[in-house]
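Going by the numbering used here, the residue at position 351 of the sequence shown is 1018; the numbering climbs one at a time, nothing skipped. Heads up, the beta-carbon is just placed ideally off N, CA and C, and yes, glycines get one too. Take a look at the structure below.
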Amino acid sequence: MINRLSLNVLGSCKKIGSNRLLVSSTSNIYNKNVLNFSTSTKTTNNNNKDKLTTKSIQDKVENITAKENVASPSTKSISIDEIATPQDYNYVFERAKLSDKENYRCSLLINDPSARRASYALRTFNIETVSTDFGVKTEKMAKLRLAFWKDAINNIYNGKVYDQPLTRVLAQIIKEKQLTKTWFIKLLNRREKDLQSVQLRDMDELEAYSDDIYSSLILLTLEAMGVKGNHDIEHCASHLGKAVGIMVLIRGTPFHVSRRKLYIPVELTTKYGIKPEQLFRGEVDVPALKNAIYDMASLAKLHLEKARSFKAPPPTNQAFLIAQMVEDFLRRIQQVDFNVFKYEEDTTPDALLLIKLYKNKFFDKF
């Protein structure tokens, strides 16, 4: 038996439409009042005959790779502040709700409506960059997808926008909130690098992976709230992003292994005698795997504690509510003795989870 440290937390595509750009006639953006997600999808353009219903929005969400969802022909030039429509925001909201429930729940508690919309858009952007398979053919498609999004982000900062729902929303929030391009590119570069390897090298690379993706998303969310240049808050975001990233990678281990991908670093598989090929064949050395997952979970706990050592006054703490999810995950993975193949997703009803998150928000905690 291993003398384990307690982890009892709380309580202790083709490049379709590559030439189809909406070119901004001005680099300025106005604080346009966009309807809330709960509003109807009626547009202000009386000539627009493609008025989306709730069902059609859901169809788009469930068929994200459809051609019309990637790009639609348009040669007209319009300014960025006129781009995003209520349908676009509804699409982004539904996509985040469907594919990133954790951050969707946390985003619900962001007070500022425009920052809340930005949070949904950022999470949807992250979803779009994730590769769900890792074969040679799908790797090529993933590279094309990432190239599309890198072009899309670069074009937005040059005043040009691909005619696609998410890019229109991103263009609007980037201009409204003056979001830093570096964080988008950092995330995309990490996704590209990830396609080139089957396994992370060591714990440092595990932290770098988590920081590049999840800390970047948190920092962009903070910028959407108007928080920028506070070094303590940025350090807090970095630690929390690392904790979130490690949680996501631990939890996804069974899925990743089924796709011949491993995020348990070589440093740990070597240390505990884990043979990746055996894992890929379904031959799991449970004691060795538990040891590796324990080390990763311990690192996540360390970063969570460091993040919580910083003060995050409101509304800043609203960008950090995901910390509760990390805490709950660490408790549950400990309950199954770090056997990730026996881990079961939290089935806490949304209402109870939101109450827990709201308490943290109300008491200025995270």
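Annotation: the continuous alpha helix (DSSP H) that includes V953 extends over 953–975. A contact is defined here as three or more CB-CB pairs under 8 Å, and the region 829–836 fails this definition with respect to the region 851–865. In the pairwise beta carbon analysis, the region 975–984 is classified as touching the region 888–902: at least three pairs are separated by under 8 Å. The beta carbons of D755 and V865 sit about 37 Å from each other, so the pair does not count as a contact at 8 Å. Around the C-beta of I931, 16 or more other C-beta atoms lie within 10 Å, and the residue is accordingly described as buried. Apart from sequence neighbours up to five positions away, the residues of its chain that approach Y771 with a beta-carbon distance below 6 Å are A763, K764, ordered along the chain. Rounded to whole angstroms, the separation of the alpha carbons of E890 and T847 is 8 Å. Counting other Cβ atoms within 10 Å of its Cβ, S786 reaches 16 or more and is therefore classed as buried. Assignment of beta strand (DSSP E) within the region 883–928, counting only whole runs of 3 or more residues, yields no such run. Less than 8 Å separates the beta-carbon of T834 from that of I823. In this structure, L884 sits away from Y876, with a CB-CB distance that is not shorter than 8 Å. CA-CA distance, D1031 to Y881, rounds to 22 Å. DSSP, read as helix, strand or coil, puts K827 in strand. Q1001 is not a Cβ neighbour of K1023, given a cutoff of 8 Å. The three-state reading of DSSP puts Q863 in coil, since its state is none of H, G, I, E or B. For the pair M892 and A967, the CB atoms are not nearer than the 8 Å cut-off. If you look at L846, you'll find it isn't in any alpha helix (DSSP H); DSSP assigns it neither H nor E. Per DSSP, A751 lies in no alpha helix (DSSP H) and is assigned neither H nor E.
Note that the C-beta distance between L907 and F987 is below 8 Å.
For T936, the uninterrupted alpha helix (DSSP H) run begins and ends at 933–938, by DSSP. Nearest neighbour of I852 by Cα position, chosen from D871, D869, A819, K844, turns out to be A819. Shown here, D818 sits in a helix according to DSSP, grouped into three states.
Around N1006, the same chain offers V953, L956, K957, I960 as residues with beta carbons nearer than 8 Å, after the five sequence neighbours per side are excluded. One alpha carbon belongs to W816, the other to I794, and they sit about 12 Å apart. DSSP, reduced to helix, strand and coil, places D1004 outside both helices and strands of the structure shown, so it counts as coil.
For the 8 Å CB-CB criterion, A1018 and C903 do not form a contact.
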